[in-house]
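Taking it in order: structure first as structure tokens, then the write-up.
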DNA sequence: CCTACCGATCGGTAGG
DNA sequence: CCTACCGATCGGTAGG
């Protein structure tokens, strides 16, 4: 166990993340995972308790990443709603790019969580989105933003951001921060040149 | 068979669409569908050839809807890139709102298509997205749009549009056309008041 | 980490 | 549209 070699449990989770991303949680069998790792299906249970436990770990670890990035970007920050929105967007992209595969699973597979995890997950999601809604509310109240339905705008912004995981390559020309800044810029100012 | 009663085959497809949307294709069993329809699983095969055939019908029917709306909006139309983009966006939203459940399945479950349908689907998807890319290319060349990566911008715009199926209610205050226009407006001009 | 195995469930067919 | 049933595969356990 050192920094260069992942623990077997981490290896299992990483392999599972990749397969869940490619085929979806329901369509990935324990035997698929075992084969990808070169072991027998039954051996997986030395490292994990159940298939769903892996999904839980992926989803809640990503949720923590999103909250940590958001908190860091906003706690103690005072500024206009535009500035806050911009910081929240950059933080969101930063969290996505930290693990694009886990993000894909987080966004698409959480519905396969069982109770009580499903309810807990939805609660966290609502809380996270709430921060965006508050920023939009502030900007609408101050007359900084154009007249828009808060929830409508929040969902549209987040869905625009959430496909970043599909094409982000850590080896690409732009850093996560640069991509986040450009996205924030287009969301605030639009595609059309002034 | 008249206009008021759906054929049994259409009933099966509609029930399947709803279940695929809620639980995903892989997690929906033929027995789930049968139960929702009040018949035995084996009886489904009087109306459909296989589970995947249903998915194929949903995905390719939606694809035809998207193309038809796009063609109607753009064929023979001459105008600025902004105007074209706006029309393409309204058409896209119109197609989504015609069947939000089928749209959800179209967007999320197409990866479960088998060959050769999967390749055909991807080809159509690339062709459809290509129209958006061309419009962006035109607007970038003419200096109408701010400097952006074409593919990046195309994917971001479409992902912002594609969550409309999540919250659109035909009974809501805004029509599909109005929603499309507002989305086009925000994409072109941004959230920030000028 | 393996062999051996469990009961449940899967998509689908035969024959009416 | 049903009963009866098929072989394959599922997540998971016992015991080493």
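Residue numbers (this note's numbering), protein chains in the order written: chain A, 99 to 292; chain B, 99 to 292.
For every residue, glycine included, the Cβ atom is placed at its ideal position computed from N, Cα and C.
Since this is a predicted model, take the numbers as computed values, not measurements.
Residue i burial status per 10 Å Cβ neighbour count (16 or more: buried)
i, result
"residue 171(A)", "buried"
"residue 168(B)", "buried"
"residue 100(A)", "At residue 100(A), the pLDDT of 46 sits below 50, so the modelled position is not reliable and the matter cannot be decided from this model."
"residue 176(B)", "exposed"
"residue 138(B)", "exposed"
"residue 185(A)", "buried"
"residue 119(A)", "buried"
"residue 273(A)", "exposed"
"residue 103(B)", "exposed"
"residue 192(B)", "buried"
"residue 143(A)", "exposed"
"residue 224(A)", "exposed"
"residue 280(B)", "buried"
Chain-ordered chain A contacts of residue i [CB-CB under 7 angstroms]
i, result
"residue 208(B)", "Neighbours of residue 208(B) on chain A: none; closest Cβ ~11 angstroms, over 7 angstroms."
Paired residues, beta bridge with residue i - DSSP
i, result
"residue 243(B)", "290(A)"
Residue interval of the alpha helix (DSSP H) (run including residue i)
i, result
"residue 263(A)", "262 to 265"
"residue 159(A)", "149 to 172"
"residue 125(B)", "Here residue 125(B) belongs to no alpha helix (DSSP H), and DSSP marks it neither H nor E."
"residue 178(A)", "Element bounds for residue 178(A): n/a, residue is neither H nor E."
"residue 201(A)", "198 to 207"
Per-residue contacts from residue i into chain A (C-beta, under 9 angstroms)
i, result
"residue 230(B)", "Result: empty, since nearest Cβ-Cβ is about 12 angstroms, beyond 9 angstroms."
"residue 264(B)", "253 and 257"
"residue 180(B)", "289 and 290"
Per-residue DSSP class, three states only, for residue i
i, result
"residue 136(A)", "coil"
"residue 142(B)", "helix"
"residue 256(A)", "helix"
"residue 216(B)", "helix"
"residue 272(B)", "coil"
"residue 100(B)", "Note that residue 100(B) has pLDDT 45, beneath the 50 cutoff, so the model's placement of it is unreliable and no number is given."
"residue 211(A)", "coil"
"residue 184(B)", "helix"
"residue 105(A)", "coil"
"residue 281(A)", "helix"
Under 9 angstroms from the C-beta of residue i: neighbouring residues of chain B
i, result
"residue 244(A)", "283, 284, 287, 288, 289, 290, 291 and 292"
Listed by chain order, chain B residues near residue i by CB distance under 7 angstroms
i, result
"residue 124(A)", "122, 124 and 125"
"residue 241(A)", "291"
Contacts of residue i in chain A (Cβ-Cβ under 8 angstroms)
i, result
"residue 260(B)", "257"
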